[in-house]
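Comments concern the structure below.
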Amino acid sequence: MTTAVLGGGLSGLSAGYYLLRRFGKPLTIYEASPRVGGWVRSENRKDRNFIFESGPRTIRPVGEPGANTLELVEDLKLEVTPIRRSHVAARNRMLYAKGQLCMLPNSPKGLFGVLPPFTKPLYKAVLRDLFTASKKAKLEDESIYSFAERRFGKEIADYAISPMICGICAGDAREISVRFLMEGLFEKEQKYGGVLKGTLISRFEKNKTKDTKDGLFAERQPKLYAQAVKEKWAMYGLKGGLENLPKTMRKYLGERNVNVQLSNECRNLTFSSSGVRMNIKDAEVPVEHVVSSLPAYKLAPLVKQQHPSLSAQLLSIPYVDVLVVNMQFPGKLLKQDGFGLLVPPVEKLPLLGVIFDSCCFDMGENTVLTVMMGGHWFDQWFGDRPSPKQIVDLATSHVQKMLQIREEPKFSRVHTLHKCIPQYTVGHKRRVEAIRNYIKTYKLPLSVCGAAYDGVGINDVILSARRQVEAIPLS
Numbered sequence: 001m002t003t004a005v006l007g008g009g010l011s012g013l014s015a016g017y018y019l020l021r022r023f024g025k026p027l028t029i030y031e032a033s034p035r036v037g038g039w040v041r042s043e044n045r046k047d048r049n050f051i052f053e054s055g056p057r058t059i060r061p062v063g064e065p066g067a068n069t070l071e072l073v074e075d076l077k078l079e080v081t082p083i084r085r086s087h088v089a090a091r092n093r094m095l096y097a098k099g100q101l102c103m104l105p106n107s108p109k110g111l112f113g114v115l116p117p118f119t120k121p122l123y124k125a126v127l128r129d130l131f132t133a134s135k136k137a138k139l140e141d142e143s144i145y146s147f148a149e150r151r152f153g154k155e156i157a158d159y160a161i162s163p164m165i166c167g168i169c170a171g172d173a174r175e176i177s178v179r180f181l182m183e184g185l186f187e188k189e190q191k192y193g194g195v196l197k198g199t200l201i202s203r204f205e206k207n208k209t210k211d212t213k214d215g216l217f218a219e220r221q222p223k224l225y226a227q228a229v230k231e232k233w234a235m236y237g238l239k240g241g242l243e244n245l246p247k248t249m250r251k252y253l254g255e256r257n258v259n260v261q262l263s264n265e266c267r268n269l270t271f272s273s274s275g276v277r278m279n280i281k282d283a284e285v286p287v288e289h290v291v292s293s294l295p296a297y298k299l300a301p302l303v304k305q306q307h308p309s310l311s312a313q314l315l316s317i318p319y320v321d322v323l324v325v326n327m328q329f330p331g332k333l334l335k336q337d338g339f340g341l342l343v344p345p346v347e348k349l350p351l352l353g354v355i356f357d358s359c360c361f362d363m364g365e366n367t368v369l370t371v372m373m374g375g376h377w378f379d380q381w382f383g384d385r386p387s388p389k390q391i392v393d394l395a396t397s398h399v400q401k402m403l404q405i406r407e408e409p410k411f412s413r414v415h416t417l418h419k420c421i422p423q424y425t426v427g428h429k430r431r432v433e434a435i436r437n438y439i440k441t442y443k444l445p446l447s448v449c450g451a452a453y454d455g456v457g458i459n460d461v462i463l464s465a466r467r468q469v470e471a472i473p474l475s
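Numbering (full-length UniProt numbering), first residue to last: 1 to 475.
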């Protein structure tokens, strides 16, 4: 089978890896830009002992998706930098709310005191869930904000759930689907009448049945995953920065005759009974099957001519822009170490959050921070397109106030990530099912994978590629 992959980000490269593993035949990956990796980008300043990451910097080794990524990392022989659960970056997470830095509770003990920005002990929110009746959700979904407010109260929705959604997808919790991002909690409530009740009952039922490991790794766990479990990793990075993952994948694929074509954008897809014709640089390239890891809005125009309703469904997945400002200060300036802080939208500030990179990883005598701004609120704050200097000045003034830093950054970088994160708005799961059902109904030789459909995290996009490749018929 001749196959082409559209997109050379992590999901596209992963699709290439799994296609090679499954079919053993060379294939071609087409990437519109001059580099691989998509939003994963590391600037390694070895001379000054720090790294700027404009995309993700850590991966969580949790469950089947986490094990799957570690199997890939192991195969690529990449060097990992673990962050154990006992590490300060794993223990300490903060909010900036009501004009102060607030530490989030990191143990059950924290549920009983009154911790700012909350005005009552958090165990009361748990009790509220226990005594609140469940409500059948319309269309089997609702917003995460509505769900959290209903089960745990407005304060939890405003100061715990909303900032968490900013951290996951730069989105507004009032619009994001609970069924997609917190399906486990939502289903427990719908099935058992409450989150806590459902958690306890399902745990009891699990103990009654024989606890067998199922899924991809039923027979054998990847060695690196077993090590992560044993050593209690909370997350991990890669030596030299996370961009080493796509760079190494490209090298690995190239050594096995997979052709990665950069600066080659597909302009149109024409489907027929014999396969697909791709329009690339005004040439028609015939293949039997296409795996698209493109953002949904980029795939939409390619299929519009033949399949306008599929194109419209793809365009119904919205995206947001995010501004990322990396900054380096000489010396250790933070008064409180941790992974970073999130800013609840109720605070009405342009910042979504700040990551303390130099707390997560050893960066010598440097304080390195990554400030994220915009997201769902991008046009509100940055609609008049300020200059990079104005953006750095804005980020610096907020960081100085929040973290009580007097110094100016010595080095900084500004990245405007246009339409970088899909928004899993209410009904997202149904939208994705409709897209894949359309492809199946019309027997299109097309698979879709990546963040638009199956989740925004690194583990999500890699597993998405694997699952879609494994669903391609062998004939």
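Beta carbons: idealized from backbone N, C-alpha and C, even for Gly. As the structure is a prediction and not an experimental result, all values here were calculated from the model.
Exercise. Could you tell me whether the stretch 351-362 touches the stretch 294-307, where touching means 3 or more Cβ pairs closer than 8 Å?
Key: No, the stretch 351-362 is not in contact with the stretch 294-307.
Practice problem: With a threshold of 16 other CB atoms inside 10 Å of the CB of residue 310, please say whether the residue is buried or exposed. | Solution: On the sequence shown, position 310 is the one that residue 310 refers to. Buried, by the Cβ-count rule.
Quiz item: Taking the Cβ atom as the reference point for each residue, do residue 82 and residue 458 lie within a distance shorter than 9 Å?
Solution: Numbered from 1 along the sequence shown, position 82 holds the residue referred to as residue 82. Numbered from 1 along the sequence shown, position 458 holds the residue referred to as residue 458. Between residue 82 and residue 458, the CB-CB gap reaches or exceeds 9 Å.
Quiz item: In whole angstroms, what is the alpha-carbon distance linking residue 462 and residue 39?
Solution: As a working mapping, residue 462 is identified with position 462 in the sequence shown. As a working mapping, residue 39 is identified with position 39 in the sequence shown. Each residue's alpha carbon lies about 14 Å from the other.
Practice problem: Can you check DSSP and say which residues form a bridge with residue 29? | Solution: Residue 29 sits at position 29 when you count from the first residue of the sequence shown. Residue 29 is bridged to 5, 260.
Quiz item: Short check: CB of residue 118 to CB of residue 155, under 9 Å?
Solution: The residue given as residue 118 occupies position 118 in the sequence shown. The residue given as residue 155 occupies position 155 in the sequence shown. Yes, these two residues count as a Cβ contact at 9 Å.
Exercise. Kindly indicate which residue of 29, 447, 194, 218 has the alpha-carbon position closest to the one of residue 150.
Key: The sequence position of residue 150 within the sequence shown is 150, counting from 1. When C-alpha distances from residue 150 are compared across 29, 447, 194, 218, the shortest belongs to 194.
Quiz item: If you drop the 5 nearest sequence neighbours on each side, which residues of the same chain put their C-beta closer than 6 Å to that of residue 208?
Solution: On the sequence shown, residue 208 is found 208 positions in, with the first residue counted as 1. Any reading at residue 208 must be qualified, since the residue scores a pLDDT of 49, below 50, and its modelled position is unreliable; no value is offered.
Quiz prompt | Chain-order list of residues whose beta-carbon lies under 6 Å from that of residue 37 (same chain, five-residue window excluded) | solution = For the purposes of this step, residue 37 is taken as residue 37 along the sequence shown, with counting starting at 1. For residue 37, where only same-chain residues beyond five positions count, the Cβ hits under 6 Å are 243, 246.
Practice problem: Give the DSSP-derived three-state secondary structure of residue 65 in the structure shown. | Solution: Counted from its first residue, the sequence shown places residue 65 at position 65. Of the three classes helix, strand and coil, the one that applies to residue 65 here is helix, per DSSP.
Quiz item: Just how far apart, CA to CA, sit residue 134 and residue 188?
Solution: For the purposes of this step, residue 134 is taken as residue 134 along the sequence shown, with counting starting at 1. For the purposes of this step, residue 188 is taken as residue 188 along the sequence shown, with counting starting at 1. Computed Cα separation, rounded: 10 Å.
Quiz prompt | Range of the contiguous beta strand (DSSP E) that encloses residue 235 | solution = Residue mapping note: residue 235 aligns to position 235 of the sequence shown, counting from 1. Element bounds for residue 235: 233-238.
Exercise. Since I believe residue 42 is in contact with residue 340 (beta carbons under 8 Å), could you give me their beta-carbon distance rounded to a whole number of angstroms?
Key: Residue numbering aside, residue 340 sits at position 340 when the sequence shown is read from its first letter. Residue numbering aside, residue 42 sits at position 42 when the sequence shown is read from its first letter. About 18 Å separates the two Cβ atoms, so there is no contact after all.
Quiz item: Per DSSP, what kind of secondary structure is residue 359 in: helix, strand or coil?
Solution: As a working note, residue 359 is residue 359 in the sequence shown. Assigned with DSSP and collapsed to three states, residue 359 falls in helix.
Exercise. Please determine if the stretch 323-331 and the stretch 219-232 are in contact, where contact requires at least 3 C-beta pairs separated by less than 8 Å.
Key: The stretch 323-331, when compared against the stretch 219-232, does not touch it at the 8 Å Cβ threshold.
Quiz item: Helix or strand or just coil, what does DSSP make of residue 423?
Solution: Residue numbering aside, residue 423 sits at position 423 when the sequence shown is read from its first letter. Of the three classes helix, strand and coil, the one that applies to residue 423 here is coil, per DSSP.
Quiz item: If we count the other Cβ atoms within 10 Å of its Cβ and call it buried at 16 or more, is residue 398 buried or exposed?
Solution: Residue mapping note: residue 398 aligns to position 398 of the sequence shown, counting from 1. Note on residue 398: 16 or more other CB atoms within 10 angstroms of its CB, so buried under the neighbour-count rule.
Quiz item: If residue 58 and residue 360 are in contact, beta carbons under 8 Å, what's the gap, nearest whole angstrom?
Solution: Position 58 of the sequence shown, counting from 1, holds the residue named residue 58. Position 360 of the sequence shown, counting from 1, holds the residue named residue 360. Right, the Cβ-Cβ distance comes to about 6 Å (below 8 Å), so this counts as a contact.
Practice problem: Verify whether the separation of the beta carbon atoms of residue 487 and residue 368 is less than 9 Å. | Solution: Past the edges of the chain, shown from 1 to 475, lies residue 487, and the structure says nothing about it.
Practice problem: Tell me whether residue 41 sits in a helix, a strand or coil according to DSSP, three-state version. | Solution: The sequence position of residue 41 within the sequence shown is 41, counting from 1. Three-state result, residue 41: coil.
Quiz item: Under three-state DSSP, which class holds residue 47?
Solution: Your numbering for residue 47 matches position 47 in the sequence shown. Helix.
Quiz item: Per DSSP, what kind of secondary structure is residue 395 in: helix, strand or coil?
Solution: On the sequence shown, residue 395 is found 395 positions in, with the first residue counted as 1. Three-state result, residue 395: helix.
Quiz item: Roughly how many whole angstroms lie between the Cα atoms of residue 308 and residue 450?
Solution: The residue labelled residue 308 in the question sits at position 308 within the sequence shown. The residue labelled residue 450 in the question sits at position 450 within the sequence shown. Taking the straight line from one Cα to the other gives about 21 Å.
Self-check item: Cβ separation of residue 276 and residue 5, assumed to be a contact under 8 Å, to the nearest whole Å
Solution: Against the sequence shown, residue 276 aligns to sequence position 276. Against the sequence shown, residue 5 aligns to sequence position 5. Not a contact, Cβ separation roughly 12 Å.
Exercise. State the beta-bridge partners of residue 286 as determined by DSSP.
Key: Against the sequence shown, residue 286 aligns to sequence position 286. Looking at the DSSP assignment, residue 286 forms a beta bridge with 277.
Self-check item: Assigned secondary structure, residue 110 (DSSP; H/G/I helix, E/B strand, else coil)
Solution: In the sequence shown, counting from the first residue as 1, residue 110 sits at position 110. Three-state DSSP puts residue 110 in a helix.
Quiz item: Which ranges does the alpha helix (DSSP H) cover as unbroken runs of at least 4 residues, wholly within the stretch 140-207, from first to last along the chain?
Solution: Counting only runs of 4 or more, we get 144-152, 162-169, 178-181, 183-192.
Quiz item: If you run the structure through DSSP and keep just helix, strand and coil, what is residue 59?
Solution: Here residue 59 corresponds to residue number 59 of the sequence shown, with the count starting at 1. Strand.
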